[in-house]
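Asks: One structure follows; several queries about it will come next.
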């Protein structure tokens with residue numbers, strides 16, 4: 001959920017020596033990838049929602065979404081009155097939907113951590129601009145069990161690896 005910059009210096013192992021610096025922006029939700037739309041199964045999964053309202057222009061909402069998520073275009077198309085972005089977490093497979101229009105933005109996610117990270121960052125961005133927002137959160141209890149079922153195979157695999165490492169340590173003794 002943190003943001004910042006990653007600077008990488010690449011030095012060629014040849015004569016003459018040459019170096020290149022690559023800068024990569026790390027977004028709070030960098031593990032999310034933008035997708036065109038959700039699959040039928042993803043659309044059917046329960047998601048909690050969080051809505052903000054306030055005197056905020058469409059371009060400002062877009063700027064904030066761009067500060068939180070990767071793969072968001074630098075500008076909105078001209079004449080757009082509302083925008084929808086869909087994201088999928090590349091590690092867990094959890095989905096997040098962002099819909100915004102002038103004076104209103106809505107986030108939906110099946111992952112409570114994603115909602116918390118979004119809340120923290122929207123609050124930070126609004127405070128920086130001295131904008132007052134009204135927030136309403138609609139938690140969906142079923143989204144928690146849905147998310148846990150989604151990551152269960154990964155948790156089982158990690159647990160299996162941990163047990164195998166314990167056995168390896170025991171055999172080495």
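Residue numbers (full-length UniProt numbering): 1 to 173. C-beta atoms are modelled at their ideal positions from N, C-alpha and C, and glycine is treated no differently.
Per DSSP, which residues does residue 21 bridge with? Please list them.
Replies: 9
Asks: For residue 142, which residues from the same chain have a beta carbon less than 7 Å from its beta carbon, with the 5 sequence-adjacent residues on both sides left out?
Replies: 46
Asks: DSSP state of residue 81, grouped into three classes?
Replies: coil
Asks: Give the single residue among 34, 91, 21 and 35 whose Cα lies nearest to the Cα of residue 151.
Replies: Per the Cα distances, 91.
Asks: Taking 8 Å as the cut-off, does the region 119-134 touch the region 62-73 (at least 3 CB pairs, one atom from each stretch)?
Replies: yes
Asks: Between the region 71-85 and the region 7-21, are three or more C-beta pairs nearer than 8 Å?
Replies: The region 7-21 and the region 71-85 do not touch, with fewer than three beta-carbon pairs separated by less than 8 Å.
Asks: In the DSSP assignment, the alpha helix (DSSP H) including residue 117 goes from what residue to what residue?
Replies: 112-129
Asks: Which word fits residue 108, buried or exposed, when buried means at least 16 other C-beta atoms lie within 10 angstroms of its C-beta?
Replies: Residue 108 counts as buried, since no fewer than 16 other beta carbons sit within 10 angstroms of its beta carbon.
Asks: Would you grab the beta carbon distance between residue 81 and residue 101 for me? Rounded to a whole angstrom, and I think it's under 8 Å.
Replies: In this structure residue 81 is in contact with residue 101, their Cβ atoms being roughly 6 Å apart against a cut-off of 8 Å.
Asks: According to the neighbour-count rule (16 or more other Cβ atoms, all chains shown, within 10 Å of its Cβ), is residue 111 buried or exposed?
Replies: Counting of Cβ neighbours within 10 angstroms places residue 111 among the buried residues, the total reaching 16 or more.
Asks: Using DSSP's beta-bridge definition, name the partner residues of residue 51.
Replies: Beta-bridge pairing by DSSP links residue 51 to 106 and 136.
Asks: How would you label residue 29, buried or exposed, when you count the other beta carbons within 10 angstroms and need 16 or more for buried?
Replies: buried
Asks: Determine the extent of the alpha helix (DSSP H) in which residue 45 is found, giving its start and end residues.
Replies: Looking at the DSSP string, residue 45 is not in any alpha helix (DSSP H), and its letter there is neither H nor E.
Asks: Measure from the alpha carbon of residue 87 to the alpha carbon of each residue in 140, 157, 99 and 159, then state which is nearest.
Replies: The shortest C-alpha separation from residue 87 is found at 99.
Asks: Could you spell out the range, first to last residue, of the beta strand (DSSP E) harbouring residue 33?
Replies: 32-35
Asks: Take the Cβ of residue 170 as the centre, count every other Cβ of all protein chains shown within 10 Å, and call the residue buried at 16 or more, exposed below.
Replies: Residue 170 is exposed by the Cβ-count criterion.
Asks: DSSP on residue 56, reduced to helix/strand/coil?
Replies: coil
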